[in-house]
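Following numbering that gives the first Met the number 0, the numbering of the sequence shown begins with 0 at its first residue and continues without gaps. Worksheet: the structure to be examined is printed underneath.
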Amino acid sequence: MASLTTTWEIAQALGLCAVAGCLILCVLAVRPRAGAATAFPLRAHRLLGWLILAAALAHVALLLIADPRVIEHVKLTAPRYEFAGMLALLLLVLLTAASTAPCRARLWPRHRDFQATHVAVACVLVVALAMHVLVAGRYVHGRVDALTYTLLSAIVLLALLRRRARPSPGRQSPPLAGRLVFGRHSRLVVAVVLGSLAALLVLLRAGSALALREPFLSRSEPLALAFPHDRHRAVNCIECHHNFTDRTGADSCISCHRSGRAAIRVGAEARFHDFCLGCHRAPPAYLKSHGPVGGCNTCHAPS
Ligand code: HEC
Ligand code: HEC
Ligand code: HEC
Ligand code: HEC
């Protein structure tokens, strides 16, 4: 069990490294026009790209090994933020594999086309990562963390808008194309960056996280739960059994929350993961300890 917990933590840390790597690569200019002294070497950019992809793949593989129930989160019934993670992985493959010399020569004969596509894909990657990281809440939870991470992502997006060292000389080019390194694709790139910034703002809205916890397809079966009442003695029954305040309902949480009642607006998984993990991650001051936030099996052990 202990070694599995360690595997789980390593897997999560690898995910964090991959995210940090992506954000760093976006900020480091590969071909600055202002002089070679400040350029991040292209070879280092490539190498870091492949290392990030490896870390992301290991993140998924190790989680599946540490806790086989993670398989529930790569099915179609998985919550949407997990799909954002899968999209990010796909975009990483695209950014690395399609940028190798042979692929690139075939797909984008002109450098400008490649550059604009690469930067646009990077923008979408930054947004997909924000969805995955903010909603998974493993390292980033709470309002302050979320704001900080969003601000960081916004800075990264703006840093992608690289400026020319000198406005293009000679012919009068349109204002944007003259100032950015993307030439005639400048407008498109600016539009993608602005769209991505807007998406980040939407993510910050209350309710976005809960919506991203909902699945695309709902499950037919609940996932067995092993809930220890004895470990929750310090918590008032009513905190969880909210339907008990009027002494009418003795219904089970799960059967009611999985039922089709009109009053249930949020799916069971989204609601319960948000609720249980919310307290475990940030327990109120009167609790001296906190519950598990890691592996699925701590809560979903077969009863
Ligand atoms: C931290 C949240 C939490 C607290 C606090 C809590 N419960 Fe529960 N309780 C649950 C959950 C979740 C279930 C459903 C467990 C399952 O389906 O395996 C449950 C199930 C039950 C059930 C069985 C209901 C059924 O029909 O399945 C009873 C009875 C119950 N709790 C009583 C209590 C009492 C009495 C207290 C206070 C002393 C209490 N609970 C405190 C979360 C809580
Ligand atoms: C009789 C049906 C019923 C039972 C039983 C029930 N709930 Fe709910 N619960 C609701 C409804 C209805 C809502 C509000 C709408 C929604 O969640 O979509 C709600 C809301 C919630 C919320 C969100 C509250 C908020 O302030 O946003 C949580 C958390 C929750 N339930 C947890 C539980 C837990 C834990 C149990 C069992 C201990 C439980 N519920 C038992 C019907 C029920
Ligand atoms: C209000 C805070 C709070 C809520 C809500 C809460 N928990 Fe906990 N939970 C705790 C605390 C505190 C502990 C640690 C108790 C201890 O150290 O003995 C704990 C422990 C646990 C453990 C035992 C972990 C272990 O090491 O064996 C499980 C499993 C668990 N919680 C599941 C749940 C589930 C499932 C829900 C949602 C239905 C839930 N908890 C909701 C506070 C909470
Ligand atoms: C802190 C406790 C806790 C942890 C950790 C946890 N879950 Fe849950 N999960 C719940 C509770 C409570 C429910 C709602 C009751 C149910 O459906 O069993 C739930 C529901 C689900 C459901 C939906 C079942 C349905 O009714 O539709 C899935 C799927 C699921 N969890 C998968 C996972 C996976 C995968 C992990 C690990 C990445 C995980 N859970 C970690 C507590 C937890």
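Cβ atoms here follow ideal geometry from the backbone N, Cα and C, with glycine treated the same way.
_Rounded straight-line distance, which links the Cα of Asp112 to that of Leu13_ = Taking the sequence shown and counting its residues from 1, one reaches residue 13 at position 14. Taking the sequence shown and counting its residues from 1, one reaches residue 112 at position 113. Looking at the two C-alpha atoms, the distance is approximately 32 Å.
*To the nearest angstrom, how far is it from the Cα of Arg162 to the Cα of Phe181?*
Indexing the sequence shown from 1 puts residue 162 at position 163. Indexing the sequence shown from 1 puts residue 181 at position 182. For Arg162 and Phe181, the distance between alpha carbons rounds to 9 Å.
*What do you reckon, is the C-beta of His231 under 7 Å from a heavy atom of ligand 3?*
As a working note, residue 231 is residue 232 in the sequence shown. Yes, since a heavy atom of ligand 3 falls inside the 7 Å radius drawn around the Cβ of His231.
_Taking the alpha-carbon of Ser258 as reference, which of Ser219, Cys275, Ala281 has the nearest alpha-carbon?_
Along the sequence shown, one-based indexing puts residue 258 at 259. Among Ser219, Cys275, Ala281, the Cα nearest to that of Ser258 belongs to Ser219.
*Quick one: is Leu216 buried, meaning 16 or more other Cβ sit within 10 Å of its Cβ, or exposed?*
Taking the sequence shown and counting its residues from 1, the one referred to as residue 216 is at position 217. With fewer than 16 other Cβ atoms within 10 Å, it is exposed.
*In angstroms, rounded to a whole number, what distance separates the CA positions of Asp250 and His272?*
Here residue 250 refers to the residue found at position 251 when the sequence shown is read from its first residue. Here residue 272 refers to the residue found at position 273 when the sequence shown is read from its first residue. Approximately 20 Å, taken between the alpha carbons.
*With respect to 7 Å, is the separation between the Cβ of Ala262 and the closest non-hydrogen atom of ligand 2 below this value?*
One-based indexing of the sequence shown puts residue 262 at position 263. Ala262 Cβ: within cutoff of ligand 2.
_Reference Ser254; option with closest CA among Tyr80, Ala223, Leu50, Ala119_ = Working through the sequence shown from its first residue, we reach residue 254 at position 255. Selected option, being the one with the closest Cα: Ala223.
_Beta-bridge partners of Leu179, as assigned by DSSP_ = The residue labelled residue 179 in the question sits at position 180 within the sequence shown. Paired residues: Arg162.
*Going by the C-beta, is His272 closer than 7 Å to any heavy atom of ligand 4?*
For the purposes of this step, residue 272 is identified with residue 273 of the sequence shown, where counting begins at 1. It does: the Cβ of His272 is within 7 Å (strictly closer) of some heavy atom of ligand 4.
*Quick one: which unbroken alpha helix (DSSP H) runs of 4-plus residues sit fully inside the stretch 22-92? Chain order, please.*
41-65
_Distance check for Leu46 and Pro40, CA to CA, integer angstroms please._
For the purposes of this step, residue 40 is taken as the residue at position 41 of the sequence shown. For the purposes of this step, residue 46 is taken as the residue at position 47 of the sequence shown. C-alpha separation (whole angstroms): 10 Å.
*Out of Cys122, Cys16, Gly84, point me to the one whose CA is closest to Ala197's CA.*
Within the sequence shown, numbered from 1, the residue matching residue 197 stands at position 198. Minimum Cα distance to Ala197 is reached at Cys122.
*Is the CB-CB distance between Leu27 and Ala87 below 8 Å?*
The residue given as residue 27 occupies position 28 in the sequence shown. The residue given as residue 87 occupies position 88 in the sequence shown. No. Outside cutoff.
*Check whether the Cβ atoms of Val69 and Cys295 lie closer than 8 Å to each other.*
Here residue 69 refers to the residue found at position 70 of the sequence shown. Here residue 295 refers to the residue found at position 296 of the sequence shown. Yes, the Cβ-Cβ distance between Val69 and Cys295 is below 8 Å.
*Quick one: residues in its chain with C-beta nearer than 7 Å to the C-beta of Leu90, no 5 flanking neighbours on either side, listed in chain order?*
Within the sequence shown, the letter at position 91 stands for residue 90. Around Leu90: Val120, Val123, Leu124, Ala127.
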